[in-house]
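Enquirer:
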Amino acid sequence: MPPQKGEVLVRIVASGVCHTDAYTLSGKDPEGVFPAILGHEGGGVVEALGEGVTTGMGAVMNTTKVQPGNSVAIFGLGGIGLSAIIGAHMAGTGRIIGIDINTSKFDLARKLGATDLINPQDYDRPIQDVIVELTDGGVDFSFECIGNVNVMRSALECCHKGWGESVIIGVAGAGEEIATRPFQLVTGRVWRGSAFGGVKGRSQLPGIVERYLKGEFQLNDFITHTMGLEAINDAFSLMHEGKSIRSVIHFDQ
């Protein structure tokens, strides 16, 4: 059946495998009601357009609050954290500190713009104390890209008092709670969350795609493995073992 007014027919050809898929499969996701079709990172080809569907690209990009010369700390160097590095680099950030216990991610993080890379296991004190000392008081912005409530606290407490802002991107397990000493907030730090990067899908996402196609930033290195649907369990194993950034399932392989 051809698409109706306002509809688009898309042939899905591939999908990335994400930790959120594993979270839903575990049964701990309060929004993961089965039956459900997983694979929210789908990519496809537009086969047909219904009446009234626009194809214009004139999108306005989000204006980031990160300013040239700021310092940022990014906790977790998976796909989200590496994307945060790209965004910080494009914003002209003066210092980009990447934090992860998986040092195999460091080369790519450095290639994308990270200036400092830290493995918390190399230290016998809280990582926030290390970062505060390294930056002479703390970073201007931090981003938690894991979903670990303990790391969320570290990300807040590594921010500079008076103006530092910590953004929670990672999704914690159902029922988990975050905690810090009230003094951390009373002294001027800000704790906030971000869903989908604050991007408006219809009006702003096309602009991001256009910038990628123009070569303003690169994402190709994120795809470390490709495979057919029959190997989907291998994709999950690679993800859980920390051996992939993104595995992509191709349905036509």
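Read left to right, the sequence shown gives residues 467 to 719 (my numbering).
Every residue gets a Cβ at the ideal spot worked out from N, C-alpha and C, and that includes glycine.
Remember, it's a predicted structure, so these values are computed and weren't measured experimentally.
Suppose only complete runs of 4+ residues qualify. What are the alpha helix (DSSP H) ranges in the segment 578-651, listed by chain order?
Expert: DSSP runs (the alpha helix (DSSP H)) wholly in the segment 578-651: 593-600, 615-623.
Enquirer: Find the nearest neighbour of MET609 within the set GLY630, TYR589, PRO592, THR601, judged by alpha-carbon distance.
Expert: Here residue 609 refers to the residue found at position 143 when the sequence shown is read from its first residue. The question names Met, yet the displayed sequence has Phe at residue 609. For the residues GLY630, TYR589, PRO592, THR601, the minimum Cα distance to PHE609 belongs to GLY630.
Enquirer: Taking the straight line between their C-alpha atoms, what separation do you get for GLY508 and SER713?
Expert: Locating residue 508 in the sequence shown gives position 42, where the first residue counts as 1. Locating residue 713 in the sequence shown gives position 247, where the first residue counts as 1. Answer to the nearest angstrom: the Cα atoms are 12 Å apart.
Enquirer: Please determine if the segment 670-683 and the segment 630-648 are in contact, where contact requires at least 3 C-beta pairs separated by less than 8 Å.
Expert: no
Enquirer: Assuming ALA575 and ILE551 make a contact with CB atoms under 8 Å, what is their CB distance in whole Å?
Expert: The residue you call residue 575 lines up with position 109 of the sequence shown. The residue you call residue 551 lines up with position 85 of the sequence shown. Between ILE551 and ALA575 the Cβ distance is about 6 Å, and since that is below 8 Å, they are a contact.
Enquirer: Anyone know if the C-beta pair for VAL476 and GLU517 falls short of 8 Å?
Expert: Looking up residue 476 in the sequence shown gives position 10. Looking up residue 517 in the sequence shown gives position 51. No.
Enquirer: Please say whether ILE593 and ILE567 have beta carbons closer to each other than 8 Å?
Expert: Here residue 567 corresponds to residue number 101 of the sequence shown, with the count starting at 1. Here residue 593 corresponds to residue number 127 of the sequence shown, with the count starting at 1. Between ILE567 and ILE593, the C-beta spacing is not below 8 Å.
Enquirer: According to DSSP, is ILE563 helix, strand or coil?
Expert: The residue labelled residue 563 in the question sits at position 97 within the sequence shown. The answer is strand: DSSP assigns ILE563 an E or B state.
Enquirer: Should the segment 529-542 be called in touch with the segment 597-605, which here means at least 3 C-beta pairs below 8 Å?
Expert: yes
Enquirer: Of the choices CYS484, GLN470, LYS471, whose alpha-carbon is the least far from that of ILE689?
Expert: What you label residue 689 is simply residue 223 of the sequence shown in a count that begins at 1. Closest by alpha carbon: CYS484.
Enquirer: What number of angstroms, rounded off, separates the C-alpha of CYS624 from the C-alpha of MET467?
Expert: Along the sequence shown, one-based indexing puts residue 624 at 158. Along the sequence shown, one-based indexing puts residue 467 at 1. When rounded, the distance between both Cα atoms is 55 Å.
Enquirer: Any idea what DSSP makes of VAL656, helix, strand or coil?
Expert: Start at 1 with the first residue of the sequence shown, and residue 656 comes out as number 190. Residue state, collapsed to three classes: strand.
Enquirer: With burial defined as no fewer than 16 other Cβ atoms inside 10 Å of the residue's Cβ, what is the status of ASP588: buried or exposed?
Expert: On the sequence shown, position 122 is the one that residue 588 refers to. With fewer than 16 Cβ atoms within 10 Å of its Cβ, ASP588 is classed as exposed.
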